[in-house]
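One structure is given below, encoded as structure tokens.
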Amino acid sequence: MRTGLAKKLLFYTGGILALLLLLTFMLLERNQAQAWEDYLFSQSLSFSRLATPELLKRFRGSFPPDEPAEIANMHEFLGLNRDLVQFSLVSATGRRLYVSNAFEDFPDLDLHLFDQDDISARLAAERTTMLTHKLSEGRRLLDLIEPAFGPTGQQVISVRYLISYDSIDARLLEARSYFVMIAIAALFACLLMVSLVARRITRPIANLTDGAHSLTRGELGTRIEVESRDEIGALAQAFNDMAESLAANRAELTRKNDALSTANEEMQTMQAQLLRSERLAAIGQLAAGVSHEIDNPVGIILGHAELLLEDLQVEDPLREDVAAIIDECRRCKRITGGLLGFARSPDSHRERVDLNQLVEEVVSSLRPQKLFKDLDLKIVGVNEDLSVTADADQFRQVMINLLLNAAQALQGRGRLVVTLSKVSGSARIHVDDSGPGISLEDQERVFQPFFSTKAHGEGTGLGLPLCRKLVEGQDGEISIQKSLLGGARLTVSLPLSE
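Residue numbers for the sequence shown, in the numbering used here: 22 to 519.
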């Protein structure tokens, strides 16, 4: 079960207040008890110093007194102190000369403890001494010994008073009950105030929570009413600012998604063009080979047929057949000539090209593609001019081909790093991947037409040969090595523009 903020505030604040009230009232009770105890000591000391001379006068040196009326008068005089339990007269040597009965307010106290206790050390102190005794039933007694001195200053007798703490304890109990009632009332009032404050705090937070849930559901028009200028109000304003920012970001993201969709369509068109270029290059390479192999024999046949035609008579029926052979040979020559023209490289339009910008554009156009989405694709450029004189479209086709080959080798997952550098008057581009790589014996064969390391039917084997053809057409070089990332490294070098 989740505990809300209001309950936590109420619980923690109530606990702290209860603890503070408890400590405060304990301290007050202790101070009050100490004050009343000091008052009892002071009053008992004053009483002993007042009563002792009067008590000795009434005894007149007779222990115990002979007359019962004198004892009654003495008890009535000392009974004015309602806390007095018992008194006794003790000689300087510790002998008990007289021990009174317990006063009428304390008939149930067991005072046998004080009949045989040793008080010689206290008598030898020759000064007023006070001790507190705790009885077995929990009640307390103040044991006060007041010495009396003769005309010569010698201690002749001492009076021992046993004084009860009952009045003090009764006051403490009454004060404790008042303290408890005050504490309960104060705690209730504080909890009521805390509850009101907690509600004032948690209500705006609940509004913020509802607003956050609305944002989660995509309701970016949600706003929180700012009701105060405190921290909660600042938080509500920050929430509104965040909602506005999210709405603006969503609009910007939508715009960029539209742009990415357009770029994706353009990229798909570019990819289709690349596939067509690979197929055309393959056809051209094949056409060139076929034309070269067929053109010479056809030329020899044509030459012999023309010679044969010249030797034949006009009326010879074979002239028609030889003429047909000559016509077909000439048609083959036209066909092979056309194939050779088709195999030739297209015209190159060279211009000054910034490789940093071109590579960035190519990578940006490929990033949205599904094949590149999960790749760790990074460009490591240089902070200097890397301009070359080349055909921008043809070199862009080379970079797209190299990056697509690397991404296909990675199968959509892994690292792909394009590094640009300047080495000895040349611009150098490395394309490194963390894929399976290419074996040493296959590194030269990958530039041969129709050779492919991909699964059957997944490649034409003309991508890298076409790249080599285009790069070399720009006076550059292309090579392949093992990459430090674990896969393959394809390096393209082009001379820098002067």
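Even glycine gets a Cβ: it sits at the ideal position worked out from N, Cα and C. Predicted model, so just to flag it, every value in this text is computed and none were measured.
Under 7 Å between C-beta atoms of residue i and residue j
i    : j    : result
S442 : R436 : no
Q65  : I189 : A quick correction: the sequence has Ser, not Gln, at residue 65. In this structure, I189 does not lie closer than 7 Å to S65 by Cβ.
L274 : L241 : no
A54  : L193 : yes
L485 : V513 : no
G459 : A413 : What sits at residue 459 in the sequence shown is Ile, not Gly. No, they are not a contact pair.
P168 : S179 : yes
G115 : L144 : yes
L407 : L376 : yes
L30  : A219 : yes
A259 : T243 : no
L511 : V444 : no
Among the options, nearest to residue i - alpha-carbon criterion
i    : options                   : result
A123 : R116, L132 and G115       : L132
S500 : L517, D463 and V120       : D463
L398 : R388, D406 and R373       : R388
L77  : Q53, L118 and N52         : L118
Q175 : R197, S121, A146 and R161 : A146
R250 : P225, L236 and D231       : P225
S504 : F127, I346 and P457       : P457
D496 : F209, L511 and F416       : F416
G402 : S386, V177, A411 and L379 : L379
L217 : V409, L461 and T34        : T34
D59  : S121, D139 and L163       : L163
E314 : L333, D337, A280 and K354 : K354
G494 : Q390, I400, H370 and S447 : H370
S63  : S121, T149 and H96        : T149
C-alpha gap between residue i and residue j, whole angstroms
i    : j    : result
I37  : A204 : 13 Å
V384 : A430 : 17 Å
D342 : I322 : 14 Å
S42  : K28  : Just to set this straight, residue 42 is Leu in the shown sequence, not Ser. When rounded, the distance between both Cα atoms is 20 Å.
I245 : R221 : 15 Å
A522 : I166 : Because the chain here runs from 22 to 519, residue 522 falls outside it and cannot be looked at.
N52  : Y199 : 15 Å
F68  : E75  : 11 Å
L134 : L99  : 22 Å
L48  : H154 : 24 Å
L329 : N317 : 18 Å
N404 : L392 : 29 Å
E286 : E382 : 15 Å
N94  : R79  : 9 Å
A411 : V438 : 23 Å
A428 : Q502 : 17 Å
Q418 : G507 : 25 Å
V335 : D348 : 18 Å
R297 : T440 : Below a pLDDT of 50, predicted positions are generally treated as unreliable, and R297, at 49, falls in that range; no measurement from the model is reported.
H477 : R351 : Residue confidence for H477 is low, a pLDDT of 47 falling below 50, so the modelled location carries little weight; the figure read from the coordinates is stated next. Distance between the alpha carbons of H477 and R351: 39 Å.
R340 : H325 : 13 Å
V409 : V492 : 12 Å
P128 : L212 : 48 Å
D262 : N270 : 12 Å
E498 : Q390 : 28 Å
V111 : R160 : 25 Å
G239 : L461 : 55 Å
Buried versus exposed call for residue i [16 or more other C-beta atoms within 10 Å across all chains shown]
i    : result
L515 : buried
T73  : buried
N102 : buried
R181 : buried
Q289 : exposed
V201 : exposed
R276 : exposed
G232 : buried
E125 : exposed
K394 : exposed
F32  : exposed
M214 : exposed
L105 : buried
M420 : buried
A345 : exposed
L44  : exposed
Q107 : buried
D136 : exposed
S282 : exposed
R489 : buried
A257 : buried
S141 : exposed
F46  : buried
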